[in-house]
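Encoded as structure tokens, the structure appears first; notes follow it.
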Amino acid sequence: MSTGSAETQEQAPLTVQVWSDYTCPFCHIGRERVTYLEREYGAQVQWLPFDLHPEYPDEGILRVSLVATYGQEAIDRVAALAEASGLPHNPNPDVVPRSRKALELAEWSRAYGADTHRRMHDALMDAYWRDGRDIGDWAVLEDVAHSVGLDGMVGRRAVQHGAFVPVVDDSTTWAHSAGITGVPAMVLNGRLLVSGVVPHEELDDAVRAVRDADPVEG
83 MSTGSAETQE
93 QAPLTVQVWS
103 DYTCPFCHIG
113 RERVTYLERE
123 YGAQVQWLPF
133 DLHPEYPDEG
143 ILRVSLVATY
153 GQEAIDRVAA
163 LAEASGLPHN
173 PNPDVVPRSR
183 KALELAEWSR
193 AYGADTHRRM
203 HDALMDAYWR
213 DGRDIGDWAV
223 LEDVAHSVGL
233 DGMVGRRAVQ
243 HGAFVPVVDD
253 STTWAHSAGI
263 TGVPAMVLNG
273 RLLVSGVVPH
283 EELDDAVRAV
293 RDADPVEG
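Convert by adding 82 to the 1-based position in the sequence shown; the result is the number in the numbering used here.
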């Protein structure tokens, strides 16, 4: 059981940093857990980039290769977990994209404000996991940018000029240095790491732990 909104009135705001990658199925499912923290605790959330598969070629990999690596049974379990979380699971049937361009484009959108970045983040997740689009394709990425009111061609040029390479690299490197080896990874109030997709009850425990360690605002 969550401790509810009354507690949020007397505690400092809960901050949650979330490292994620757009082609990571657990990051997609983690959106529901983030929504839970926002709803129950008024969490202030910041999504941060994590380059999960730097080894992928620019054109991505064939989905059949992913199935061969992990097995259809494991992939079916992930799909069931997404469904149980109320989320679609309809990734591109042919290719698992290289997510690097999407990560950098999202960082470009951050300059237009936190709300715009959040809408871009959600739009990229939806494009891949709901609509089955190839988010490694610039035509798709430009369209996603347009859908949130941005000029996708401007974003493409900024990314292709390398402006956001260090942003994604630094975020990923910092996460590794903090002991984050997989995503999603949430850091609550800058002090407690929660890795993976955990039940709501474990999130409640984590929130209580950081709030017990932080002073109550008077």
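The beta-carbon is built from N, C-alpha and C at its ideal position, and this holds for glycine as well.
| Query | Result |
| --- | --- |
| Residues that DSSP places opposite L144 in a beta bridge | V177 |
| Selected residue, minimal CA-CA separation from L187, among V265, V236, H171, V279 | V236 |
| Beta-carbon spacing of R159, P266 below 9 Å | no |
| Alpha-carbon spacing of A193 relative to S102, whole angstroms | 19 Å |
| Meets three-Cβ-pair contact criterion under 8 Å: the segment 206 to 221 and the segment 268 to 276 | no |
| Inter-residue Cα distance where the pair is S253 and P170 | 28 Å |
| Contacting residues, own chain, Cβ-Cβ under 6 Å from G218 (five flanking each side not counted) | G142, P179, R180 |
| Neighbour-count burial assignment, D133, 16 or more Cβ in a 10 Å radius | buried |
| Local Cβ density within 10 Å of Y152, reported as buried at 16 or more and exposed below that | exposed |
| Where the alpha helix (DSSP H) containing S229 begins and where it ends | 220 to 229 |
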